[in-house]
Every structure is written in structure tokens, then in C-alpha cells.
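Residue numbers (the numbering used here), protein chains in the order written: chain A, 1 to 213; chain B, 214 to 503. Glycine included, C-beta positions come from ideal geometry on N, C-alpha and C. See structure below.
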Amino acid sequence: MKKEKSIDGKKVWLLLVLGFGVNLFFSCVPTEYIKINYNKISLTGVDNSGKYLLDNPTSTIHASALALNIKLSDTTYFNETYSLNHLINSLSFNKAQAFQPADPVYIPTAKIIDVNVKTILKINDNINPNDDITEHILYSFGGSYNLYYNLNKETEKITPKFENSNYNNSPSNSIFLILKPTIENTNAQFEVKITLDNGTELIATTELFNIYN
Amino acid sequence: MKHHIWTLIFLINFSLTAQNSIITNQEYSISIGLADVNINRFTLNENIDFLNYLGIEDDIDSNTGYYEYPYILVKHNYKADLFSKIAIDLNLILFESLIPDNYDVSARYFLKPWLGIGAGSMLNKNWISGFEQYHKELLPDHYLGDLNHKQIKVYELGFYLSPTFKPIDNKNFRIQIKCDIGLSSFSQKETSFNYKKKLSNKRIRYYYATKENFQPYFWPKIDAKLKVFTIKETSFGFVLNSNYYYSNRSIDYNRTIQTWTLENKTSTLIRSHKHQYTRFELNIGIYVAW
Numbered sequence: 001m002k003k004e005k006s007i008d009g010k011k012v013w014l015l016l017v018l019g020f021g022v023n024l025f026f027s028c029v030p031t032e033y034i035k036i037n038y039n040k041i042s043l044t045g046v047d048n049s050g051k052y053l054l055d056n057p058t059s060t061i062h063a064s065a066l067a068l069n070i071k072l073s074d075t076t077y078f079n080e081t082y083s084l085n086h087l088i089n090s091l092s093f094n095k096a097q098a099f100q101p102a103d104p105v106y107i108p109t110a111k112i113i114d115v116n117v118k119t120i121l122k123i124n125d126n127i128n129p130n131d132d133i134t135e136h137i138l139y140s141f142g143g144s145y146n147l148y149y150n151l152n153k154e155t156e157k158i159t160p161k162f163e164n165s166n167y168n169n170s171p172s173n174s175i176f177l178i179l180k181p182t183i184e185n186t187n188a189q190f191e192v193k194i195t196l197d198n199g200t201e202l203i204a205t206t207e208l209f210n211i212y213n
Numbered sequence: 214m215k216h217h218i219w220t221l222i223f224l225i226n227f228s229l230t231a232q233n234s235i236i237t238n239q240e241y242s243i244s245i246g247l248a249d250v251n252i253n254r255f256t257l258n259e260n261i262d263f264l265n266y267l268g269i270e271d272d273i274d275s276n277t278g279y280y281e282y283p284y285i286l287v288k289h290n291y292k293a294d295l296f297s298k299i300a301i302d303l304n305l306i307l308f309e310s311l312i313p314d315n316y317d318v319s320a321r322y323f324l325k326p327w328l329g330i331g332a333g334s335m336l337n338k339n340w341i342s343g344f345e346q347y348h349k350e351l352l353p354d355h356y357l358g359d360l361n362h363k364q365i366k367v368y369e370l371g372f373y374l375s376p377t378f379k380p381i382d383n384k385n386f387r388i389q390i391k392c393d394i395g396l397s398s399f400s401q402k403e404t405s406f407n408y409k410k411k412l413s414n415k416r417i418r419y420y421y422a423t424k425e426n427f428q429p430y431f432w433p434k435i436d437a438k439l440k441v442f443t444i445k446e447t448s449f450g451f452v453l454n455s456n457y458y459y460s461n462r463s464i465d466y467n468r469t470i471q472t473w474t475l476e477n478k479t480s481t482l483i484r485s486h487k488h489q490y491t492r493f494e495l496n497i498g499i500y501v502a503w
């Protein structure tokens, strides 16, 4: 009886040591810095009539509260790589720090130098189909009640924000485009073109939105 | 030449007095007391008035809107005479938090044993609390970003002149009456409120920066000291002091309203109403003198 208990005890200790060893091994993997190039853009509509600006896609939007969520991603670093890194993190010790840095860190190599927005449908008496409406667009990173940024004056602030430690733990990043004027139409649709400093242009068109008052 | 003679006379006098101890009649006391702050409040108008929210709110009083309860104070005091005619008086004051961030320091020259003139400086802590209430009601068709209770700490820094009378001053009992007349200002503070309009993309930010503004105050004080017993050259006893602070003051500020973006802003200097601001204090404690 005593001998059986001793063998069981040894097995438990062996499992504990093995588990500790696995955690230690994967914790020692250094932080990986991955350079990404945005090669995909996706657009969804957001109804910002409520309290917070959230990424809740919808095609029915209030006339004074239309926002677009633009998601930029590098599809080469998606799914498998992302899942593998997630697995490594789950097998590691939690870092004893108040702030846990992203692991791995995704750094966009090309900066966003221009964002251009065109309306496909009439917005109001002053804004007609196919008009460039970039001057009527502001942008936001969502979440808080901070004021917006001017799209045509502060485009250079977008990429540094994506490089910031709160935003660089994913191969995709998003911003919200905010339409200032009220839409005097029952429908709306937009085309967005993003130009990177490596010459890449990413263009996407939204779905047809239903506008309500 | 005249200047050199006066310098020499001063130095001779100094060396003569240095034969005796320069610092005499030292005294340390610790006292505990209450400070009751009162401020008259005005009804809300188009601009926020920070002094309407001075003090710590407890239960809401239906008449005044706020109820202030007295602050509890602990006061450390050190007194000494320098060169027999100059008296220094150093006070370190702590509220319930026991953080020593209030003081009252002065020096007095006694022309006669019962009459002196002094100068000093004081620092008093105040809280301005619950002013988010104003903004909750300001724009009813907007969401207010932060609904949390707001409180800011403002220090009142003052400088004063102080005639002093000692109607009774003997070995066992002393009464000293001081009348501080000075200028003081609340410290500069900043705060902001963010809004988002309902059924709209519009965002607005109200940003406030208060201004320093030295305004007069009047602060009579009375100190009483009663000796109980003596051991060799050290004496022990009780102290009692009370004072009443009076001022008519306001907190002016710059208000900046930013709409949609930081750059789209209008700034206005707001001059608030003057409030009658009073503070009554009563302390009792023990002292040791040597």
C-alpha cells in the first residue's frame, strides 16, 4: 500500500515538473517583431447614434450618425500564424508586469499618406454623386469620447497610432471615418481609397446603406 | 561711510546679544480641532461656478443643495523668540487624511511686549466636489462621457500682515490676539467634460482652466495658553485657539468649447460671482515649553 502511494506521488511530481518545464521553455521565446504590409481593406457601416462608437456593422444608419469602419490587414500574417502565437502565449507563464507588451509585435512598414472618400450617391443639395467628400470626413480610433481628427490634415497620425503598443498586437488595424453633414437621402454608398507611401493603393466600396431619420 | 557705520553698529549689537542664547522661549504644541467652512451659493446660470461646489458633499440639503460637515484638524505648532523681540510661529496642519499639506507660518516683531507687527504665509486645502452635476444638466440631448463623481483639490495660498496684541502674558497664562490681513488665491486647476450628441456623430468638449487671482481676506485669531506644571525649566499645559476667516472671493476661469475636433474651438474668459467664504476653527491641545 505504501509503495503504491509513493509511486503515485512520484507521478504527480513528474507531471508538475513537466508542466513547469513546458511553461518555462515557451516563456523564453523572445518577443517577435513582424513587419507587415497592408494588402487588404474592408469597409463596414456603423450607426453612431448611440452612446459609444463601436464596431457593430450595420446597413441601416441614422442620417446624422453615419460612420465607416475601415479595416486594414496583411493577409499573409493571419489565421495560422496568429493562432500559433496565441497557442505559444497560452503555454507560457504570465508576465509579472502591470502592462503586458504585445507578443508578437506587428509593425506596418508602409505609412498611410492619403485617405480619400467619394460618395456614390447624393448626400444633400451641396454634395452630389461622385463628389470627393474627404473634407467632410473626420476619423477616430473608437471607444472613448475623445474628439475626432481631421482626415485631410492629420492623416500622418494614423500609422504611428497603429505602431503604438495598444494597437500593434494584430496584423490588422482599423479606424472609423465619421461623416459630418447630415444625409438628406434614403440611401448612401461610398468609395474609400487608401494610399500607402510604398505606392500601394487600396480601394473598397461599401454596401448600399439604408438611411433613417 | 554712513552705510558702513550702521553696518558696524548692527554687528556690535548682534555680537552683544549673542552672549545670551539667540533662540529662547521655545514651545511645541499639538492640538486637535474642527474647522467649519461655509460658502454662500448661487443658483445655476449659463456658466459653471466652481465655488458653488466648494466643500465635501454629504447628504444633499434641499435648501442649499449641499451639506458641509466640519473638517477635523490636527495642528502641530512651534513657537520661539529670536533675539528677544522677534517671535516665529510655525503651524503644520493636517486634515483627516493626515497629509501635512497645510501651513501657517509667520514672524512678528514686538515693538512693545504687548504689541507687535508680523508677516506670514498660509496654505489651506479645499475640495471642490460634485461639479459634474452642472454638466449632467447642461446639454440634455447629449451623452456625458464621464458620469463619475468629480473632485479636485485646490490650495489657497496667502500672504499677510498681522498686527498682534498680548493683553495678558505672564508665567502661567497668556492670551495673544492676531489679526491677519492678506491676499490669497486658489491654485490653478484644469478639468474637462466630453459630450456626444444623441442620434448624431457630433462630439463636444468643455475644457476649463481656472485662473489664479489674489483677493483680500481678513483672519482674526486668538490663542490662549495655560501652564499646568513645571519640571525644572520645562513647563507643560493646555492651549486653546480659535480663528474666523472671512473673504469675498470668486474663481474665474478660461472656458474652451471644442466641437468635432480640437482645432475647432472658442475660448472665453468667465468672471464668476463673488461668494462670501467663511471658516471658523476651534482647537484644543497640550504644549511643552523650554
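Determine the DSSP secondary structure at residue 225 (chain B), reduced to helix, strand or coil.
As a first step, residue 225 (chain B) must be located in the second sequence, where it is residue number 12. Low per-residue confidence applies at residue 225 (chain B): pLDDT is 42, beneath 50, and the placement is therefore not dependable enough to give any value.
Taking its Cβ as the centre, do 16 or more other Cβ atoms sit within 10 Å of residue 326 (chain B), making it buried, or is it exposed?
One-based indexing of the second sequence puts residue 326 (chain B) at position 113. With fewer than 16 other CB atoms across the displayed protein chains lying within 10 angstroms of its CB, residue 326 (chain B) is exposed.
Given residue 379 (chain B) as reference, the closest of B:427, B:447, B:434, B:403 once Cα atoms are compared
Residue mapping note: residue 379 (chain B) aligns to position 166 of the second sequence, counting from 1. Closest option to residue 379 (chain B), judged by alpha-carbon separation, among B:427, B:447, B:434, B:403: B:434.
Between which two residues does the beta strand (DSSP E) containing residue 474 (chain B) stretch?
Within the second sequence, residue 474 (chain B) is the residue found at index 261, counting from 1. Run containing residue 474 (chain B): none; DSSP gives neither H nor E here.
Where the segment 162-184 of chain A meets chain B: residues whose CB sits under 9 Å from a CB there:
Listed in sequence order: 178, 179, 180, 182.
Could you give the distance in angstroms between the alpha-carbon of residue 432 (chain B) and the alpha-carbon of residue 454 (chain B)?
Here residue 432 (chain B) is taken as the residue at index 219 of the second sequence, counted from 1. Here residue 454 (chain B) is taken as the residue at index 241 of the second sequence, counted from 1. The C-alpha of residue 454 (chain B) is placed about 13 Å away from the C-alpha of residue 432 (chain B).
Mind listing the chain A neighbours of residue 237 (chain B)? Cutoff is C-beta to C-beta under 7 Å, in chain order.
Position 24 of the second sequence, counted from the first residue, corresponds to residue 237 (chain B). The premise fails here: residue 237 (chain B) is roughly 54 Å from chain A at the closest Cβ pair, so nothing lies under 7 Å.
Given that a residue counts as buried once 16 or more other Cβ atoms are within 10 Å of its Cβ, and exposed if not, what is residue 68 (chain A)?
The sequence position of residue 68 (chain A) within the first sequence is 68, counting from 1. Classification for residue 68 (chain A): buried.
Residues that residue 480 (chain B) contacts on chain A, provided the C-beta gap is smaller than 7 Å:
Numbered from 1 along the second sequence, position 267 holds the residue referred to as residue 480 (chain B). By Cβ distance, chain A contributes nothing, its closest Cβ being about 15 Å from residue 480 (chain B), past 7 Å.
Can you tell me whether residue 62 (chain A) is helix, strand or coil according to DSSP?
Taking the first residue of the first sequence as position 1, residue 62 (chain A) is located at position 62. Strand.
How long is the line joining the alpha carbons of residue 76 (chain A) and residue 201 (chain A), rounded to whole angstroms?
Walking along the first sequence from the start, residue 76 (chain A) turns up at place 76. Walking along the first sequence from the start, residue 201 (chain A) turns up at place 201. Between residue 76 (chain A) and residue 201 (chain A), the alpha-carbon positions lie close to 17 Å from each other.
Quick check: the segment 336-345 of chain B against the segment 357-374 of chain B, are there 3 or more CB pairs under 8 Å?
The segment 336-345 of chain B vs the segment 357-374 of chain B: in contact.
Name the chain B residues whose beta carbon is nearer than 8 Å to that of residue 249 (chain A)?
Given a span of 1 to 213 for chain A in the structure shown, any question on residue 249 (chain A) remains unanswerable.
Could you check how far apart the C-beta atoms of residue 414 (chain B) and residue 64 (chain A) are, in whole angstroms? I think they sit under 8 Å.
Stepping through the second sequence from its first residue, residue 414 (chain B) is reached at position 201. Stepping through the first sequence from its first residue, residue 64 (chain A) is reached at position 64. The C-beta separation of residue 414 (chain B) from residue 64 (chain A) comes to about 7 Å, placing the pair in contact by the 8 Å criterion.
Comparing alpha-carbon positions, which option in B:457, B:238, B:480, B:398 lies nearest residue 495 (chain B)?
Here residue 495 (chain B) corresponds to residue number 282 of the second sequence, with the count starting at 1. Of the listed residues, the one whose Cα sits closest to residue 495 (chain B) is B:457.
Simplified DSSP assignment, three categories, for residue 302 (chain B):
Taking the first residue of the second sequence as position 1, residue 302 (chain B) is located at position 89. Here residue 302 (chain B) sits in strand by DSSP.
Have a look at residue 400 (chain B) and residue 382 (chain B) and give me their C-alpha separation to the nearest angstrom.
The residue labelled residue 400 (chain B) in the question sits at position 187 within the second sequence. The residue labelled residue 382 (chain B) in the question sits at position 169 within the second sequence. Linking residue 400 (chain B) to residue 382 (chain B) through their CA atoms gives a straight-line distance of about 38 Å.
Continuous alpha helix (DSSP H) stretch holding residue 162 (chain A): start and end
Here the question's residue 162 (chain A) lines up with position 162 in the first sequence. Counted as a single uninterrupted DSSP element, the alpha helix (DSSP H) harbouring residue 162 (chain A) occupies residues 158-163.
Exposed or buried, what is residue 51 (chain A) when buried is set at 16 or more other beta-carbons lying within 10 Å of its beta-carbon?
Locating residue 51 (chain A) in the first sequence gives position 51, counting from the first residue. Classification for residue 51 (chain A): exposed.
With a cut-off of 8 Å, does the C-beta of residue 275 (chain B) fall near any C-beta of chain A?
Stepping through the second sequence from its first residue, residue 275 (chain B) is reached at position 62. The predicted position of residue 275 (chain B) is uncertain, since its pLDDT is 46 and thus under 50; no value can be drawn from it.
So with CB distances below 9 Å, who are the chain A contacts of residue 413 (chain B)?
Here residue 413 (chain B) corresponds to residue number 200 of the second sequence, with the count starting at 1. Within 9 Å of the CB of residue 413 (chain B), the CB atoms of chain A belong to 48, 49, 62, 64, 65, 182, in sequence order along the chain.
List in chain order: all unbroken beta strand (DSSP E) runs of 3+ residues lying wholly within the segment 183-208 of chain A.
Within the segment 183-208 of chain A, the complete beta strand (DSSP E) segments of 3 residues or longer fall at 190-196, 201-205, listed in chain order.
Say whether chain A places a C-beta atom closer than 8 Å to the C-beta of residue 503 (chain B).
On the second sequence, position 290 is the one that residue 503 (chain B) refers to. No, no contact with chain A.
Beta-carbon within less than 8 Å of residue 465 (chain B)'s beta-carbon, same chain only, minus the 5 sequence neighbours each way: which residues are those?
Position 252 of the second sequence, counting from 1, holds the residue named residue 465 (chain B). Taken in chain order, the residues that qualify are 423, 424, 426, 482, 483, 484, 485.
Does DSSP put residue 15 (chain A) in a helix, a strand or coil?
The residue labelled residue 15 (chain A) in the question sits at position 15 within the first sequence. Under the three-state reduction of DSSP output, residue 15 (chain A) falls in the helix class.
Leaving aside the five residues before and after residue 549 (chain B) along the sequence, list all residues of the same chain whose C-beta is less than 8 Å from its C-beta, in chain order.
Because chain B here runs from 214 to 503, residue 549 (chain B) falls outside it and cannot be looked at.
Note down, in chain order, all residues in the segment 138-149 of chain A with a beta-carbon under 9 Å from any beta-carbon belonging to chain E.
The question asks about chain E, but that chain is absent: this structure's protein chains are A and B.
Ignore the nearest five residues each way along the sequence and tell me which others in residue 334 (chain B)'s own chain have a CB closer than 7 Å to its CB.
The residue given as residue 334 (chain B) occupies position 121 in the second sequence. 318, 371, 372.
Taking the alpha-carbon of residue 218 (chain A) as reference, which of A:119, A:182, A:197 has the nearest alpha-carbon?
Outside the modelled stretch of chain A, which goes from 1 to 213, sits residue 218 (chain A), for which no answer is possible.
Measuring CB to CB, does residue 236 (chain B) end up less than 8 Å from residue 320 (chain B)?
Looking up residue 236 (chain B) in the second sequence gives position 23. Looking up residue 320 (chain B) in the second sequence gives position 107. No, the pair does not count as a contact, with Cβ atoms beyond the cut-off.
Identify, in the order they occur along the chain, each residue of the same chain with its Cβ nearer than 6 Å to the Cβ of residue 136 (chain A), setting aside the five sequence neighbours on each side.
Position 136 of the first sequence holds residue 136 (chain A). Cβ neighbours of residue 136 (chain A) beyond the five flanking positions: 180, 181.
Length of the line joining the Cα atoms of residue 192 (chain A) and residue 207 (chain A)
For the purposes of this step, residue 192 (chain A) is identified with residue 192 of the first sequence, where counting begins at 1. For the purposes of this step, residue 207 (chain A) is identified with residue 207 of the first sequence, where counting begins at 1. The straight-line gap from Cα to Cα measures roughly 12 Å.
Taking 7 Å as the cut-off, does the CB of residue 485 (chain B) come closer than this to any heavy atom belonging to the ligand MN?
With respect to the ligand MN, the structure offers nothing, as it holds no ligand at all.
Out of B:409, B:308, B:298, which has the shortest C-alpha to C-alpha gap to residue 337 (chain B)?
Counting from one through the second sequence, the residue named residue 337 (chain B) turns up at place 124. The option with the nearest alpha carbon to residue 337 (chain B) is B:308.
Please determine, among B:297, B:304, B:428, B:298, the residue with the shortest C-alpha to C-alpha distance to residue 394 (chain B).
Residue numbering aside, residue 394 (chain B) sits at position 181 when the second sequence is read from its first letter. Residue 394 (chain B) has its Cα closest to that of B:428, out of B:297, B:304, B:428, B:298.
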